[in-house]
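These notes concern the structure reproduced below.
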Amino acid sequence: MTAIALITGASGGIGRALARQLRAQGPQTRALTDSILCKARAWNTQNDITGVLCEGQGMFLQALEGERGKVTRLYARSLPTRATRPWS
Numbered sequence: 069m070t071a072i073a074l075i076t077g078a079s080g081g082i083g084r085a086l087a088r089q090l091r092a093q094g095p096q097t098r099a100l101t102d103s104i105l106c107k108a109r110a111w112n113t114q115n116d117i118t119g120v121l122c123e124g125q126g127m128f129l130q131a132l133e134g135e136r137g138k139v140t141r142l143y144a145r146s147l148p149t150r151a152t153r154p155w156s
């Protein structure tokens, strides 16, 4: 499941908010989550994207917010990954 919404910032610029749920491909370990977070923090900092990643019971819930094009590129860049697959 993926939900996408366009948002307007205080400066009037258009941004994008995205939330999606993913199923872990293999065992959901602390090392896997730490690896995902390390890469995400570096990318998000460079691209002025904020987000949250929740995990548990073989699932990830990800929410992102930022400039429309940057969030769209991140979303496209992260599909598919070896660690996750779409939830359905």
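When you read off a place in the sequence shown, starting at 1, and then add 68, the result is the number in our numbering. Ideal placement from N, C-alpha and C gives every residue a C-beta, glycine not left out. Predicted model only: the values in this text are computed from it and were never measured.
- On the three-state DSSP scale, how would you describe Gly-134? Sequence index remark: in the sequence shown, residue 134 carries index 66 (1-based). Strand, per DSSP.
- Does the count of Cβ pairs from the stretch 113-121 and the stretch 130-149 closer than 8 Å reach three? yes
- Query: Going by other Cβ atoms of all chains shown within 10 Å of its Cβ, with 16 needed for buried, is Gln-125 buried or exposed?
  - Reply: Indexing the sequence shown from 1 puts residue 125 at position 57. Result: exposed.
- Item | DSSP bridge partner residues for Thr-118 (one or two, in chain order) | As a working note, residue 118 is residue 50 in the sequence shown. The partner list for Thr-118 (beta bridge, DSSP) reads Glu-133.
- Item | With 16 other Cβ atoms within 10 Å as the buried cut-off, status of Leu-86 | By 1-based counting over the sequence shown, the position of residue 86 is 18. Burial call: buried.
- Query: Nearest CA to the CA of Pro-95: which residue from Leu-105, Arg-84 and Glu-123?
  - Reply: Reading the sequence shown from its first residue, position 27 is the one you call residue 95. The option with the nearest alpha carbon to Pro-95 is Glu-123.
- Message: Am I right that Met-127 and Arg-98 are in contact with their C-beta atoms under 8 Å? What's the rounded C-beta distance?
- Response: Here residue 127 corresponds to residue number 59 of the sequence shown, with the count starting at 1. Here residue 98 corresponds to residue number 30 of the sequence shown, with the count starting at 1. Contact flag wrong, Cβ pair sits at about 16 Å.
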